[in-house]
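So the sequence shown is residues -25 to -1, 1 to 280, counted in mature numbering (1 follows the signal peptide of the UniProt record, and there is no 0). Ideal Cβ placement from N, Cα and C applies to all residues, glycine included. Data block below; observations after.
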Amino acid sequence: MPKRVAVATILAVATLLLGGCAGGAANGEGDERPVVLTTFTVLEDVAQQVAGEHLRVESITKVGAEIHGYEPTPGDLRRASGADLILDNGLNLEAWFAQFVESLDVPHVVVSDGVEVLPIAEGAAEGHANPHAWMSALNVQRYVDNMVAAFSELDPEHAEEYAANGAAYQAELQAVHDELVADLASLPPNERALVTCEGAFSYLARDAGLTEQYLWAVNAEQQATPQQIARTIEFVDEQGVPAVFCESTVSDEAMQQVVEATDAAFGGTLYVDSLSEPDGPVPTYLELLRHDVDVITGALTGSAR
Ligand SMILES: [Zn+2]
């Protein structure tokens, strides 16, 4: 497969480049803290909350990146080889990650370990766990437990602080979860439908009691086929859904076709697979959840229009 060849080439190039580098290549000038890399920006923020000031936390992929089918660069490998710990979501979110991490002598921890997963309902990955487990704040409490354990092992000297940071952040997660459930509970029954591009909202829909409908199940699959669009139009018409949505990391073109063919409005852009830039609408994970719930309730009740 071409992707395998590409990764193998990158690995070879990276090995050559690494020859001349000293250990700790990912360390910034004069920054001696252990380096923790995450596979994407949402995990970076959560890890930062737990790490506080004692670890240097960075994301391998940048803001706005398509994380399912990402192709790592030689620079990513060079950076990762100098890290002390790598955190990935797991649940087959990062299709590129297994081969990437196999080539490195750096420990990695799957932060979704132990969460209660929901299955993907259809498509090529039908029956597998839906990888977007972080869209439930309650699941992220478990992510935090896994991070506290990993950071304490990496840096035992600050274990108490990681535990305290983790507990404080878990309380915030609980508050956002309660807020979100209360907000979405105010929607009348006919407006309790969440129509999106990727089927990335199963966990949020479960927490909030919404019916989930999407164009395609996972970004890694065929996207926006005529059948997917027709099926979504039918759902929106039948349910009288007032608004539909799409995510920041994919094109909303197909959803605009649904809007044109139905009475639904385009409700706005939701964030799932990436945070925004620091000056954008969702620079942190908690803001991502709040933003999405605001956009969803606003558009479905018509108060945002
Ligand atoms: Zn996704």
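### Message
Let me check one thing: in DSSP terms, what residues is residue 188 bridge-paired to?
### Response
170
### Pairwise C-alpha distance: residue 50 and residue 97
36 angstroms
### Query
Is the beta carbon of residue 260 less than 7 angstroms from the beta carbon of residue 92?
no
### Query
In the structure shown, what three-state DSSP assignment does residue 129 receive?
helix
### Query
Nearest to residue 293 by alpha carbon, out of 75, 110, 248 and 46?
For residue 293 there is no data in the structure shown, the boundaries of the chain being -25 and 280.
### Task
Please report the residue range of the beta strand (DSSP E) in which residue 242 lies.
240 to 245
### Query
Which residues in the same chain have their Cβ closer than 8 angstroms to the Cβ of residue 136, if we skip the five residues on either side of it in sequence?
27 and 29
### Query
DSSP three-state call for residue 220: helix, strand or coil?
strand
### Query
Does the separation of the CB atoms of residue 60 and residue 110 fall below 7 angstroms?
no
### Range of the contiguous beta strand (DSSP E) that encloses residue 33
31 to 34
### Task
Compare the C-beta of residue 108 with all C-beta atoms of chain D and state if any pair is closer than 7 angstroms.
In the structure shown, chain D does not exist; there is a single protein chain.
### Task
Report the partner residues of residue 62 according to the DSSP bridge assignment.
13 and 84
#### Entry: Three or more C-beta pairs below 8 angstroms linking the region 65 to 78 and the region 149 to 158
no
### Task
Run the proximity test for residue 67: is its beta-carbon closer than 6 angstroms to any non-hydrogen atom belonging to ligand 1?
no
### Whole-number beta carbon distance between residue 237 and residue 212, since they are thought to touch under 8 angstroms
6 angstroms
### Task
Note the first and the last residue of the continuous alpha helix (DSSP H) segment covering residue 153.
134 to 160
#### Entry: Coil, strand or helix - residue 22 by DSSP
helix
### Query
Is residue 180 helix, strand or coil when you go by DSSP?
helix
### Query
Would you call residue 141 buried or exposed, if buried means 16 or more other Cβ atoms sit within 10 Å of its Cβ?
buried
### heavy atom of ligand 1 below 6 angstroms from residue 248 C-beta
yes
### Query
Where does the unbroken alpha helix (DSSP H) through residue 90 begin, and where does it stop?
First-last for residue 90: undefined, no H or E at that position.
### Pair within 7 angstroms by beta-carbon distance, residue 168 and residue 186
yes
### Message
In whole angstroms, give me the CA-to-CA distance for residue 52 and residue 40.
### Response
17 angstroms
### Message
In the DSSP assignment, the alpha helix (DSSP H) including residue 47 goes from what residue to what residue?
### Response
Looking at the DSSP string, residue 47 is not in any alpha helix (DSSP H), and its letter there is neither H nor E.
### Query
For residue -5, does the three-state DSSP call read helix, strand or coil?
Unreliable placement is indicated for residue -5, whose pLDDT of 39 sits below 50; the coordinate value is still reported in the next sentence. Residue state, collapsed to three classes: coil.
### Query
Counting along the chain, where does the alpha helix (DSSP H) carrying residue 263 start and finish?
260 to 276
#### Entry: Sequence-distant residues of its chain with Cβ nearer than 7 angstroms to residue 156 (five each side left out)
182 and 183
### Cβ neighbour criterion (16 or more within 10 Å) applied to residue 34
buried
### Message
Just verifying my parser: in three-state terms, what is the DSSP assignment at residue 124?
### Response
helix
### Query
Are residue 86 and residue 45 closer than 7 angstroms when you measure CB to CB?
no
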